[in-house]
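J.: Pasting a structure below so you can have a look.
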Amino acid sequence: MSVSAGASPGGARVTKLLASRAARTHRKAWAAVFAALALTSLLLGSFGLALASAGLGHARVERYAAADLVVTGDQETRFTTKPWGSDPQTARAGLTERVRVPEGALGVVRKVPGVRAAVADDVFQAGRAGQALTGRP
């Protein structure tokens, strides 16, 4: 015949006693479990944020659809180093943000033969009925 912990009036006290002793005895184990859960949550949240920003963070290019030619800055960065006793090595990485051409260079672009018009990609604030909006030419 088996006896469950709740069958006798003292069974609840025994269960509480065992639970409190386990909590006291294994405090470091419970702290490690909590720390592992917290760090895992932080890691997954960071990964989700990075994934969302990579997928949604780029400017839409549909506004350039009617342009015959779009002039942009260099979308890559380079770093050259010379380790001791070996040839120089260059590392390259693509930039995530769009590099814009300075507005001062617009005059040079307009002077290129065959260019009818050159429009700078400026950002200006606009609004309607108290709502702030961002506009582009």
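The working numbering puts the last residue of the sequence shown at 544; the count rises by one with no breaks.
Ideal Cβ positions, reconstructed from N, Cα and C, are used throughout, including at glycine.
Keep in mind that this is a model prediction, so the values were computed, not measured.
(1) Looking at the strands, I want to know which residues DSSP matches up with GLU469.
(2) Which ranges would you report for the beta strand (DSSP E) in the segment 453-508 if only whole runs of at least 3 residues count?
(3) In whole angstroms, what is the alpha-carbon distance linking GLU504 and ALA445?
(4) Who are the Cβ neighbours of GLY537 in its own chain at under 7 Å, not counting the five residues just before and after it?
(5) Out of GLY501, SER460, THR422, which has the shortest C-alpha to C-alpha gap to GLY480?
(6) Name the one or two DSSP bridge partners that ARG428 has.
(7) Please go through the same chain and pick out, in chain order, the residues whose beta-carbon is closer than 8 Å to the beta-carbon of GLN496, but skip the five residues on each side of it.
(8) Nearest-angstrom Cα distance between ASP528 and VAL515?
T.: According to the data block:
(1) The residue given as residue 469 occupies position 62 in the sequence shown. For GLU469, which the question treats as bridged, DSSP gives no partner whatsoever.
(2) For the segment 453-508, whole beta strand (DSSP E) runs of length 3 or above, ordered along the chain, are 483-488, 496-501.
(3) Position 97 of the sequence shown, counted from the start, is the residue given in the question as residue 504. Position 38 of the sequence shown, counted from the start, is the residue given in the question as residue 445. C-alpha of GLU504 to C-alpha of ALA445: approximately 32 Å in a straight line.
(4) As a working note, residue 537 is residue 130 in the sequence shown. Hits under 7 Å: none found.
(5) For the purposes of this step, residue 480 is identified with residue 73 of the sequence shown, where counting begins at 1. By alpha-carbon distance to GLY480, the top candidate from GLY501, SER460, THR422 is GLY501.
(6) In the sequence shown, counting from the first residue as 1, residue 428 sits at position 21. In DSSP, ARG428 forms no bridge with anything.
(7) Here residue 496 corresponds to residue number 89 of the sequence shown, with the count starting at 1. So the list reads THR487, THR488, LYS489, PRO490, once near-sequence residues are dropped.
(8) Translated into positions along the sequence shown, residue 528 becomes position 121. Translated into positions along the sequence shown, residue 515 becomes position 108. Linking ASP528 to VAL515 through their CA atoms gives a straight-line distance of about 15 Å.
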